[in-house]
Amino acid sequence: ETGVTQTPRHLVMGMTNKKSLKCEQHLGHNAMYWYKQSAKKPLELMFVYNFKEQTENNSVPSRFSPECPNSSHLFLHLHTLQPEDSALYLCASSPVIGGFEEKLFFGSGTQLSVL
Amino acid sequence: GQQVMQIPQYQHVQEGEDFTTYCNSSTTLSNIQWYKQRPGGHPVFLIQLVKSGEVKKQKRLTFQFGEAKKNSSLHITATQTTDVGTYFCAGHRSNDYKLSFGAGTTVTVRA
Numbered sequence: 001e002t003g004v005t006q007t008p009r010h011l012v013m014g015m016t017n018k019k020s021l022k023c024e025q026h027l028g029h030n031a032m033y034w035y036k037q038s039a040k041k042p043l044e045l046m047f048v049y050n051f052k053e054q055t056e057n058n059s060v061p062s063r064f065s066p067e068c069p070n071s072s073h074l075f076l077h078l079h080t081l082q083p084e085d086s087a088l089y090l091c092a093s094s095p096v097i098g099g100f101e102e103k104l105f106f107g108s109g110t111q112l113s114v115l
Numbered sequence: 001g002q003q004v005m006q007i008p009q010y011q012h013v014q015e016g017e018d019f020t021t022y023c024n025s026s027t028t029l030s031n032i033q034w035y036k037q038r039p040g041g042h043p044v045f046l047i048q049l050v051k052s053g054e055v056k057k058q059k060r061l062t063f064q065f066g067e068a069k070k071n072s073s074l075h076i077t078a079t080q081t082t083d084v085g086t087y088f089c090a091g092h093r094s095n096d097y098k099l100s101f102g103a104g105t106t107v108t109v110r111a
């Protein structure tokens, strides 16, 4: 158990559905991240929040909408996804952003399948 | 393009043998981190190296940061089935606060 909890673990959705991924960290960290992990591809950084303020949007399509109500919670709202969006979505937290103290603690991920 | 390269992409190892995987950056890194992701799992932080030429050991794993701080290696001795997984390196490039990940080396072990 890493202290970062993601729900749901698995999600199957149609292209017209709206769903949300949830992430909660119990580590007292200030930074939270969304990463996309596709088969045989590097980890892709999607969004970064520092003290609940978005500091990075890595050219992510608008069908992915993040929300960070506080430093402990992070959501990823999904709307009209495409089959190529099927992947493992990983949430992570870190004490800080940048520098030697930035160490990522990942959640177990949500395995998303878009039909 | 990808800033941090890892080779090989796949490593098939006979149980009991040693192997090394490499991480190379086109620019100087201020630090290097290594993560391990077991099959079906999530990446887990293993270690961080900060100093030029630094070497750290964790049991059968030896991590090294190059003198020029542009490359790193992970050497595993006497490979065991518990070493199966994908090993990622990640680092902060100079003047960039973002952590850049390599694509990983996926290790399989033949018993």
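Chains as they are written, first to last, in our numbering: chain B, 1 to 115; chain P, 1 to 111.
We treat Cβ as the ideally placed atom computed from N, Cα and C, and that holds for glycine.
Given the structure is predicted, the values throughout are model-derived calculations rather than measurements.
Proximity test, Cβ basis, 8 Å: residue i and chain P
i	result
B/L81	no
B/G14	no
B/G98	yes
B/E102	yes
B/L43	yes
B/G107	yes
B/L76	no
B/L90	yes
Closer than 8 Å to chain B by CB, residue i
i	result
P/F101	yes
P/K50	Here the sequence assigns Val to residue 50 of chain P, which means Lys is not the residue at that position. True, the Cβ-Cβ gap to chain B drops below 8 Å.
P/Y10	no
P/N31	yes
P/N43	According to the sequence displayed, residue 43 of chain P carries Pro and not Asn. It does: the Cβ of P/P43 has a partner Cβ on chain B nearer than 8 Å.
P/Y97	yes
P/H75	no
Rounded separation between residue i and residue j - CA only
i	j	result
P/T77	P/F19	7 Å
B/L121	B/V4	Past the edges of chain B, shown from 1 to 115, lies residue 121 of chain B, and the structure says nothing about it.
P/H12	B/F51	42 Å
B/F105	B/S72	13 Å
P/K70	B/K103	19 Å
B/L45	P/E15	34 Å
P/P43	B/G107	8 Å
P/K57	B/N17	48 Å
P/V50	B/F64	35 Å
P/M5	P/S25	6 Å
B/C68	B/Y89	16 Å
B/P61	B/F47	11 Å
B/V12	B/A92	22 Å
P/E17	P/H75	11 Å
P/L61	B/Q25	29 Å
P/C89	P/Y22	9 Å
B/Q6	P/K59	31 Å
P/T105	B/S94	24 Å
P/T27	P/S52	14 Å
For residue i, three-class secondary structure by DSSP
i	result
P/E17	coil
B/E84	helix
P/T82	helix
B/L11	strand
P/G66	coil
P/T106	strand
P/I47	strand
B/N70	strand
B/Q25	strand
B/F105	strand
B/T55	strand
Buried versus exposed call for residue i [16 or more other C-beta atoms within 10 Å across all chains shown]
i	result
B/N57	exposed
B/M15	exposed
B/Q54	exposed
B/K36	buried
B/T70	Note on residue identity: the sequence assigns Asn, not Thr, to residue 70 of chain B. Result: exposed.
P/N31	buried
B/L115	exposed
Contacts that residue i makes with chain D (C-beta to C-beta distance below 7 Å)
i	result
B/L27	As a matter of chain content, chain D is missing from the structure shown, whose protein chains are B and P.
The ligand COA heavy atom lying under 7 Å from the CB of residue i
i	result
P/E54	Looking for the ligand COA in the displayed structure turns up nothing, as the structure carries no ligands at all.
(Q) Does the structure place the region 59 to 73 of chain P close enough to the region 81 to 92 of chain B that three or more beta carbon pairs sit under 8 Å? (A) Result no; under three Cβ-Cβ pairs closer than 8 Å.
Q) Just checking, does the region 66 to 78 of chain B make contact with the region 15 to 27 of chain B on the three C-beta pairs under 8 Å criterion? A) Three or more Cβ pairs closer than 8 Å define a contact, and the region 66 to 78 of chain B meets that threshold against the region 15 to 27 of chain B.
Q) On the three-pair Cβ rule with 8 Å, is the region 81 to 94 of chain P touching the region 25 to 40 of chain P? A) In short, these stretches touch, since the Cβ pair count reaches three.
Q: Would you check if the region 45 to 55 of chain P and the region 94 to 101 of chain P touch, i.e. whether three or more CB-CB distances between them fall below 8 Å?
A: Touching, no, given that fewer than three Cβ pairs across the two stretches are closer than 8 Å.
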